[in-house]
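To convert, note that position 66 of the sequence shown is 66 in UniProt numbering; the numbers rise steadily by one, no gaps. Some notes on the structure that comes next.
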Amino acid sequence: MKSLIHATVFPFVTGWLVCFSGLSLAESVEEKYQRSCHVCHATGVANAPKVHDPEAWKPRLDKGMDVLVNSIKNGLNAMPPGGLCADCSDEDYKALIKFMSTPKK
């Protein structure tokens, strides 16, 4: 009986604490950028377009988001396949592209 209570109550309490504590289990786009893209895109290593530099991103964006995502997934020039984000989805890549290609607020 004790294990049944533990199995039902513990997940509920844990979920409640996460929801109402202000903690987020999801990684923000800026955190993903810092973890996976910052090394090259902060300084423009190997001609990587710099973060928050719309002019550098314009020719790439003109090709379309699907082309950009495909380039990330397959690698391009010095960028390895997947960038450096092994756990990114296509939606994550799109969010990262939008984050990096818009001026800093």
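No residue lacks a Cβ here, since even glycine has one placed at the ideal position from N, Cα and C.
Best match in the options for proximity to residue i [C-alpha to C-alpha]
i	options	result
Pro-103	Gln-34, Pro-54, Val-39 and Ser-36	Pro-54
Asp-90	Gly-44, Thr-43, Tyr-33 and Ile-72	Ile-72
residue 176	Glu-27, Ala-26, Thr-43 and His-52	This structure cannot speak to residue 176, because the chain is shown only from 1 to 105.
Tyr-93	Val-69, Pro-59 and Ala-42	Val-69
Ser-101	Glu-31, Ala-42, Ala-26 and Glu-27	Ala-42
Check whether residue i and residue j have beta carbons under 8 Å apart
i	j	result
Val-39	Leu-84	yes
Residue i, buried or exposed, once every other Cβ within 10 Å from all chains shown has been counted against 16
i	result
Val-45	exposed
Val-67	exposed
C-alpha gap between residue i and residue j, whole angstroms
i	j	result
Leu-23	Trp-57	For Leu-23, the pLDDT reaches just 44, beneath the cut-off of 50, and the residue's location in the model is therefore unreliable, although a value from the coordinates is still provided. Cα to Cα, Leu-23 sits roughly 33 Å from Trp-57.
Asn-74	Pro-81	5 Å
Gln-34	Asp-62	25 Å
Asn-47	Ala-26	30 Å
Met-79	Lys-32	16 Å
Phe-99	Cys-88	14 Å
Three-way DSSP call (helix, strand, coil) for residue i in this model
i	result
Leu-96	helix
Leu-76	strand
Ala-48	coil
Cys-37	coil
Lys-105	coil
Ser-71	helix
Leu-84	coil
Glu-55	helix
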